[in-house]
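S.K.: In mature numbering (1 follows the signal peptide of the UniProt record, and there is no 0), the protein residues as written are -19 to -1, 1 to 88.
Even glycine gets a Cβ: it sits at the ideal position worked out from N, Cα and C.
1. When we look at the beta-carbon of residue 40 and count the other beta-carbons within 10 Å, is it buried (16 or more) or exposed?
2. Relative to the C-alpha of residue 32, which residue among 11, 43 and 19 is closest?
3. Looking only at its own chain, which residues have a Cβ that is under 7 Å from the Cβ of residue 73, when we skip the five neighbours before and after it?
4. Spell out the partners DSSP gives residue 24 in its beta bridges.
5. Which word fits residue 17, buried or exposed, when buried means at least 16 other C-beta atoms lie within 10 angstroms of its C-beta?
6. Can you tell me the Cα-Cα spacing of residue 67 and residue 24, whole angstroms?
7. Which residue comes first and which comes last in the alpha helix (DSSP H) that contains residue 56?
8. Please report how far the alpha carbon of residue 87 lies from the alpha carbon of residue 5, in whole angstroms.
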């Protein structure tokens, strides 16, 4: 009986350890690095220095690969066209990245 209990516990733990949890943008670090005027939004001038979305890569969409990639991505993400990106707008970066859990079985 003890072995059966241990087997059940092991299976339960392993099923959760094999679940796919996609990485998310490190918001605190991103703000520290790029929100230079500390107003909790990102203006184009600030966004031009963004290199990646640690731990996420730069989107591999061809629209955002040229020399002016930061400018084009900023314009794409700035949905309300107010010249700055709020966290909600910046969060749309996830829609441009491949889903790392796409081939994992559903939970």
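M.R.: Quick look at the numbers:
1. Buried is the call here.
2. That would be 11, whose Cα lies nearest to the Cα of residue 32.
3. Non-local beta-carbon contacts of residue 73 in its own chain, meaning distances under 7 Å to residues more than five positions away in sequence, involve 58 in chain order.
4. Answer by DSSP bridge pairing, in chain order: 65.
5. Classification of residue 17: exposed, given that the 10 Å Cβ count is below 16.
6. Their Cα atoms are separated by approximately 9 Å.
7. Boundaries of the alpha helix (DSSP H) around residue 56: 50 to 58.
8. Taking the straight line from one Cα to the other gives about 19 Å.
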